[in-house]
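Trainee: This is the structure I want to talk about, given as structure tokens.
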Amino acid sequence: MKKSGKGIGIMFYGTGYGNGYPDVSRAKAKIDHTGRFTIYSGACEVGQGAKTALAQIPAEILGISTKDVIFDHEDTKTTLDAGTCAASRQTYNTGNAMKLTSESLKKILENKAREILNLNKEQTLIFNDHHIYQKADPSKQISFKQIAGSCDLKELEIEEVFQAVTTEMNEETGEGNPYWPYTFGACGVEVEIDTETGGLDITNAILVQDVGRAVNPKLIEGQMDGGFAMAQGYALLEDLNIVKGEIKHHNFTKYLIPTALDAVEVKKIIVEDPESSAPFGAKGIGEPVMIPVAPAILNAIYDAVGVRITEIPVTPEKLLKAIKEVG
Amino acid sequence: MKTINMKINGTERQIEIDENERLLDVIREGFHLTGTKEGCGEGECGVCSVLLDGKLVNACMIMAFQAADREVITIEGVGKDGGLDPIQQAFIDTGAVQCGFCTPGMILSAKALLLKNPTPSKQEIRRGISGNLCRCTGYEKIVEAVALASDRMRNPEQ
Chain A
26 MKKSGKGIGI MFYGTGYGNG YPDVSRAKAK IDHTGRFTIY SGACEVGQGA
76 KTALAQIPAE ILGISTKDVI FDHEDTKTTL DAGTCAASRQ TYNTGNAMKL
126 TSESLKKILE NKAREILNLN KEQTLIFNDH HIYQKADPSK QISFKQIAGS
176 CDLKELEIEE VFQAVTTEMN EETGEGNPYW PYTFGACGVE VEIDTETGGL
226 DITNAILVQD VGRAVNPKLI EGQMDGGFAM AQGYALLEDL NIVKGEIKHH
276 NFTKYLIPTA LDAVEVKKII VEDPESSAPF GAKGIGEPVM IPVAPAILNA
326 IYDAVGVRIT EIPVTPEKLL KAIKEVG
Chain B
72 MKTINMKING TERQIEIDEN ERLLDVIREG FHLTGTKEGC GEGECGVCSV
122 LLDGKLVNAC MIMAFQAADR EVITIEGVGK DGGLDPIQQA FIDTGAVQCG
172 FCTPGMILSA KALLLKNPTP SKQEIRRGIS GNLCRCTGYE KIVEAVALAS
222 DRMRNPEQ
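Protein chains in written order, with the working numbering: chain A, 26 to 352; chain B, 72 to 229.
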């Protein structure tokens with residue numbers, strides 16, 4: 026017999042290393058003699074989109090197109106340490122380092138422009154496509170290249186560092202600030218269970234993720250789809266089967282991950298609630314998207330067949346045994 | 072050692088092989104076409120997918136001598152005249168690439184599918200790429216990309 030059920034899971038996630046552990050990202054930036062902007066940071070692109078999203082931040086600040094940002098990354102010879110691509114920290118931590126560095130360089134360029142154009146601090150300046158001009162009189166303008174030609178290029182180089190503020194938590198009282206920032210999410214699923222075989226289909230799925238600010242919505246959707254599928258495997262399929270310290274399921278014949286036929290179309294909702302300490306409000310979501318999915322699936326199983334499963338993965342064998350036990 | 076002929080990405084080539092080499096070894100180390108990746112090495116993950124006489128195979132499961140006098144297409148030979156294949160362009164446009172390790176195999180699987188069935192349904196696309204594992208994307212944007220490529224190949228004006 027087929028039985029269906031619904032379940033939800035909700036979560037919050039603390040970004041970064043946490044508990045007062047130094048969580049530092051550095052970046053440096055420069056304008057070269059041709060007026061081009063280059064920014065250096067050690068953040069790694071591992072497919073999550075760091076190269077794109079992090080380049081969007083200086084582009085926004087300096088009023089240039091993202092494709093004109095030369096982003097030198099992952100090169101230990103030229104870049105500064107930006108910590109690991111772990112703990113969903115790059116968008117927030119290195120994003121902040123990119124922002125601080127770009128803002129400092131912008132300030133330098135602005136001061137140079139005021140000096141050369143003879144404009145006082147009351148005059149608003151606009152940055153657009155490698156040019157700076159006076160808002161009230163756009164004919165008063167100067168290019169990055171002209172500024173570079175007017176001074177020692179060393180003056181157009183800057184380094185900044187961002188460190189996340191966390192403190193160790195007091196285990197007795199629960200006081201402290203172990204992580205910053207926090208990210209929130211929720212998942213809902215509908216499942217159909219075959220009570221004869223223990224087979225489970227996810228028939229409907231929705232994933233909602235607070236991102237602070239969506240720097241690049243398409244990349245976020247990709248992370249949400251990927252996080253859901255990974256969590257689906259975590260909940261239903263993936264078992265290392267460690268026996269006396271040895272991984273028995275050491276290949277894809279035994280360690281099953283979802284295929285395109287297992288994966289489901291997930292309805293994705295991106296919630297933007299800007300985080301005040303984050304670059305343009307943006308927070309990392311690499312890991313958070315995975316967290317509420319398994320609880321939602323387990324709750325849906327309970328709703329469908331009345332059994333509380335407390336160990337994952339919920340393989341058909343395990344589910345069938347549990348259903349039989351409750352009669 | 073043995074010398075065999077193989078048409079690889081449109082060019083007739085001669086290559087010396089060890090009898091115990093796999094097609095994958097010859098592609099990567101003989102022809103230096105490193106776009107084809109090795110994943111599991113036992114035919115489960117699909118990363119090393121190539122076309123052998125137009126048919127999709129795992130290059131880790133075919134012995135090199137089995138490809139003698141046959142035609143092999145790898146990811147390097149998918150696009151025409153140095154340009155991108157519509158499938159490759161669609162992968163870029165939909166954001167179907169994350170870490171990229173499964174991408175060459177995925178694109179060859181999609182190619183084989185669209186050669187056989189130019190107008191697949193979403194379910195047929197899922198079935199077509201179900202031999203290729205992806206850890207990053209949850210497959211959704213890959214399915215979208217193949218559907219988009221199918222659309223564009225039929226209506227090149229778009």
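Backbone N, C-alpha and C define an ideal beta-carbon position, used for all residues, glycine too. Computed from a predicted structure; not experimentally measured.
Please report whether the beta-carbon of A/Asn276 lies at a distance below 8 Å from any beta-carbon of chain B.
Mentor: Here residue 276 of chain A refers to the residue found at position 251 of the first sequence. Closer than 8 Å: yes.
Trainee: Which residues mark the beginning and the end of the alpha helix (DSSP H) in which A/Tyr42 is found?
Mentor: On the first sequence, residue 42 of chain A is found 17 positions in, with the first residue counted as 1. Here A/Tyr42 belongs to no alpha helix (DSSP H), and DSSP marks it neither H nor E.
Trainee: Taking 7 Å as the cut-off, does the CB of A/Gly258 come closer than this to any heavy atom belonging to the ligand NAD?
Mentor: No copy of the ligand NAD occurs in the structure displayed, which carries no ligand at all.
Trainee: Check whether the region 179 to 198 of chain A and the region 38 to 49 of chain A touch, using three or more Cβ-Cβ pairs below 8 Å as the test.
Mentor: Contact between the region 179 to 198 of chain A and the region 38 to 49 of chain A is present, because at least three Cβ pairs lie under 8 Å.
Trainee: Given A/Thr91, which residues of its chain have a CB within under 8 Å of its CB, disregarding the five upstream and five downstream residues?
Mentor: Position 66 of the first sequence, counting from 1, holds the residue named residue 91 of chain A. Here the set comprises Thr77, Ala80, Gln81, Ala84.
Trainee: What does B/Val121 pair with, by DSSP beta-bridge criteria?
Mentor: As a working note, residue 121 of chain B is residue 50 in the second sequence. B/Val128, per the DSSP bridge assignment.
Trainee: My parser needs the beta strand (DSSP E) runs of 3 or more residues fully inside the region 154 to 205 of chain A; what are they?
Mentor: For the region 154 to 205 of chain A, whole beta strand (DSSP E) runs of length 3 or above, ordered along the chain, are 156 to 159, 166 to 168, 182 to 188.
Trainee: Among the residues of its own chain, which have a CB less than 6 Å from the CB of A/Glu182, if the five just before and after it don't count?
Mentor: Start at 1 with the first residue of the first sequence, and residue 182 of chain A comes out as number 157. Taken in chain order, the residues that qualify are Lys55.
Trainee: Is the separation between the beta-carbon of A/Val314 and that of A/Phe277 shorter than 8 Å?
Mentor: If you number the first sequence from 1, residue 314 of chain A lands on position 289. If you number the first sequence from 1, residue 277 of chain A lands on position 252. No. Outside cutoff.
Trainee: Kindly indicate which three-state DSSP category A/Ser50 falls into: helix, strand or coil?
Mentor: If you number the first sequence from 1, residue 50 of chain A lands on position 25. Correct three-state label for A/Ser50: strand.
Trainee: Compile a chain-ordered list of the residues in the region 106 to 127 of chain B whose CB is closer than 7 Å to at least one CB of chain A.
Mentor: So the list reads Cys111, Glu113, Glu115, Cys116, given in the order they occur along the chain.
Trainee: When the cut-off is 8 Å and only beta carbons count, does A/Ala254 lie next to chain B?
Mentor: Counting from one through the first sequence, the residue named residue 254 of chain A turns up at place 229. It does; some Cβ of chain B falls within 8 Å.
Trainee: Helix, strand or coil: which one does DSSP assign to B/Gln169?
Mentor: The count along the second sequence starts at 1 and reaches residue 169 of chain B at position 98. Reduced to three states, the DSSP call for B/Gln169 is coil.
Trainee: Note down the Cα distance separating B/Gln160 from A/Ile64, rounded to an integer number of angstroms.
Mentor: In the second sequence, the residue the question calls residue 160 of chain B occupies position 89. In the first sequence, the residue the question calls residue 64 of chain A occupies position 39. Whole-angstrom Cα-Cα distance: 28 Å.
Trainee: Taking A/Thr228 as part of the beta strand (DSSP E), name the residues at either end of that continuous run.
Mentor: On the first sequence, position 203 is the one that residue 228 of chain A refers to. Per DSSP, A/Thr228 belongs to the beta strand (DSSP E) from 225 to 235.
Trainee: Taking A/Ala285 as part of the beta strand (DSSP E), name the residues at either end of that continuous run.
Mentor: Residue 285 of chain A sits at position 260 when you count from the first residue of the first sequence. It is not in any beta strand (DSSP E) - A/Ala285 carries neither H nor E in the DSSP assignment.
Trainee: List, in order along the chain, the chain B residues whose C-beta lies closer than 8 Å to that of A/Ile282?
Mentor: Taking the first sequence and counting its residues from 1, the one referred to as residue 282 of chain A is at position 257. Result: Leu204, Arg206.
Trainee: Whether or not the region 212 to 225 of chain B and the region 150 to 170 of chain B are in contact is what I'm after, with contact meaning three or more pairs of Cβ atoms, one per stretch, closer than 8 Å; do they touch?
Mentor: Yes, the region 150 to 170 of chain B touches the region 212 to 225 of chain B.
Trainee: Is any beta-carbon of chain B found at less than 8 Å from that of A/Asp250?
Mentor: Mapped onto the first sequence, residue 250 of chain A falls at position 225. For A/Asp250, the answer is yes, since a Cβ of chain B falls inside 8 Å of its Cβ.
Trainee: Buried or exposed: which applies to B/Thr174, given that a residue is buried once 16 or more other Cβ atoms fall within 10 Å of its Cβ?
Mentor: The sequence position of residue 174 of chain B within the second sequence is 103, counting from 1. With 16 or more other Cβ atoms within 10 Å, it is buried.
Trainee: Let me see if you follow: with CB-CB separation under 8 Å, is A/Ala321 close to chain B or not?
Mentor: To locate residue 321 of chain A, count along the first sequence from 1; it is residue 296. Cβ-Cβ to chain B under 8 Å: no for A/Ala321.
Trainee: Between the Cα of A/Ser168 and the Cα atoms of A/Gly311, A/Phe62, A/His275, A/Ala111, which residue gives the shortest distance?
Mentor: The residue you call residue 168 of chain A lines up with position 143 of the first sequence. Ranking the options by Cα distance to A/Ser168, first place goes to A/Phe62.
Trainee: Report back the beta-carbon spacing between B/Cys207 and A/Gly251 to the nearest angstrom; my notes put them in contact at under 8 Å.
Mentor: Counting from one through the second sequence, the residue named residue 207 of chain B turns up at place 136. Counting from one through the first sequence, the residue named residue 251 of chain A turns up at place 226. At roughly 5 Å, the Cβ-Cβ gap stays under 8 Å, so B/Cys207 and A/Gly251 are in contact.
Trainee: When the Cα of B/Val128 is compared with those of B/Gly171, B/Ala181, B/Thr82, which residue comes out closest?
Mentor: By 1-based counting over the second sequence, the position of residue 128 of chain B is 57. Checking every option, the nearest Cα to that of B/Val128 belongs to B/Ala181.
Trainee: 8 Å is my cut-off, CB to CB: does A/Ala288 come that close to chain B?
Mentor: Walking along the first sequence from the start, residue 288 of chain A turns up at place 263. Cβ-Cβ to chain B under 8 Å: yes for A/Ala288.
Trainee: At the level of alpha carbons, what is the spacing between A/Lys124 and A/Ile86?
Mentor: The residue you call residue 124 of chain A lines up with position 99 of the first sequence. The residue you call residue 86 of chain A lines up with position 61 of the first sequence. The straight-line gap from Cα to Cα measures roughly 8 Å.
Trainee: So B/Cys170 contacts chain A; which residues on that side make the cut at Cβ distance below 7 Å?
Mentor: The residue you call residue 170 of chain B lines up with position 99 of the second sequence. Under the 7 Å cutoff, chain A gives Val71, Gly72.
Trainee: Assess contact between the region 217 to 227 of chain A and the region 147 to 156 of chain A, defined as three or more Cβ pairs (one per stretch) separated by less than 8 Å. Is contact present?
Mentor: Touching, no, given that fewer than three Cβ pairs across the two stretches are closer than 8 Å.
Trainee: Kindly indicate if chain A contains any beta-carbon less than 8 Å away from that of B/Ile200.
Mentor: By one-based count along the second sequence, residue 200 of chain B stands at place 129. Closer than 8 Å to some Cβ of chain A, the Cβ of B/Ile200 qualifies, so yes.
Trainee: Measuring CB to CB, does B/Ile98 end up less than 8 Å from B/Val118?
Mentor: Along the second sequence, read from residue 1 onward, the residue named residue 98 of chain B stands at position 27. Along the second sequence, read from residue 1 onward, the residue named residue 118 of chain B stands at position 47. No, these two residues do not count as a Cβ contact at 8 Å.
Trainee: What residues in the region 161 to 190 of chain A have a beta carbon less than 8 Å from any beta carbon of chain B?
Mentor: Here the close residues number zero.
Trainee: Using the DSSP secondary-structure output, state which residues sit across from B/Val143 in a beta bridge.
Mentor: The residue given as residue 143 of chain B occupies position 72 in the second sequence. Partner(s): B/Ile79, B/Leu123.
Trainee: Taking only runs that begin and end inside the region 57 to 143 of chain A, name each unbroken beta strand (DSSP E) of 3 or more residues, in chain order.
Mentor: Here the runs fully enclosed are 62 to 66, 95 to 98.
Trainee: Tell me the residue span of the beta strand (DSSP E) that contains A/Ile294.
Mentor: Taking the first residue of the first sequence as 1, we reach residue 294 of chain A at position 269. Segment 292 to 296, the beta strand (DSSP E) holding A/Ile294.
Trainee: Using only alpha-carbon positions, find the residue among A/Glu290, A/Leu345, A/Arg333, A/Ile172 that is nearest to A/Lys131.
Mentor: Translated into the one-based positions of the first sequence, residue 131 of chain A becomes position 106. If we check each option's Cα against that of A/Lys131, A/Ile172 comes out closest.
Trainee: For a quick check, are the C-beta atoms of A/Tyr117 and A/Lys243 less than 8 Å apart?
Mentor: Taking the first residue of the first sequence as 1, we reach residue 117 of chain A at position 92. Taking the first residue of the first sequence as 1, we reach residue 243 of chain A at position 218. No, these two residues do not count as a Cβ contact at 8 Å.
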